[in-house]
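**Q**
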Amino acid sequence: NTYVTNVNAALAKHPEIGEDLEKLLADVESIPADIRQAVINNGGGHLNHALFWELMTAEETAPSAELAADIDATFGSFEEFQAAFTAAATTRFGSGWAWLVVNKEGKLEVVSTANQDTPISE
């Protein structure tokens, strides 16, 4: 709730930029300088945690056939992907996130972001 309260307070200072966090974080330079860091920190924190809780489940799940094939093609196996993901998560100094993303070239990639930064901004 703190992330939402803080990002809403920042966005209220510039209603003309809208409230679409994904759009704003995809182009952080479009965010006015006086609220940019608050939107990055709190908007990113909200989006990151919302996605985390959306994806967490007690049920054992497996990637779709398409994703599994892409993981195998990119990393060699699901186990190799898990190793890369674990390394990205455990070698991050301080707080941060590990992500499986589709990069600008359309390929799967494991990345790590610091604090509440999100790969949407990169």
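In our numbering, the protein residues as written are 75 to 196. Note that beta-carbon positions come from the ideal geometry of N, C-alpha and C, so glycine has one too.
With H, G and I counted as helix, E and B as strand and the rest as coil, what does DSSP make of G170?
**A** Three-state result, G170: strand.
**Q** Decide if H123 is buried, meaning its Cβ has at least 16 other Cβ atoms within 10 Å, or exposed.
**A** H123 comes out exposed.
**Q** So, with DSSP's three-state summary, where would you put A132?
**A** Correct three-state label for A132: coil.
**Q** According to DSSP, what are the bridge partners of T187?
**A** Answer is W171, bridged to T187.
**Q** At a cut of 8 Å, does the segment 101–111 reach the segment 162–172 through at least three beta carbon pairs?
**A** Contact fails: fewer than three Cβ-Cβ distances are below 8 Å.
**Q** Hey, how far is the Cα of V185 from the Cα of N75?
**A** About 27 Å.
**Q** Residues in the same chain with beta-carbon distance under 7 Å from D144, minus the five sequence neighbours each way, listed in chain order, please.
**A** Result list for D144: L182, in chain order.
**Q** Please classify V176: is it buried, with 16 or more other beta-carbons within 10 angstroms of its beta-carbon, or exposed?
**A** Looking at its Cβ environment, which holds fewer than 16 other Cβ atoms inside 10 Å, V176 is exposed.
**Q** So is the beta-carbon of T165 under 7 Å away from any non-hydrogen atom of the ligand MG?
**A** The ligand MG is not among the ligands present in this structure, which contains no ligands whatsoever.
**Q** Taking the alpha-carbon positions, what's the D191 to H120 distance?
**A** Cα to Cα, D191 sits roughly 10 Å from H120.
**Q** Of the residues I91, K97, A112, G92, which one's Cα is nearest the Cα of N80?
**A** Of the candidates I91, K97, A112, G92, the one whose C-alpha sits nearest the C-alpha of N80 is A112.
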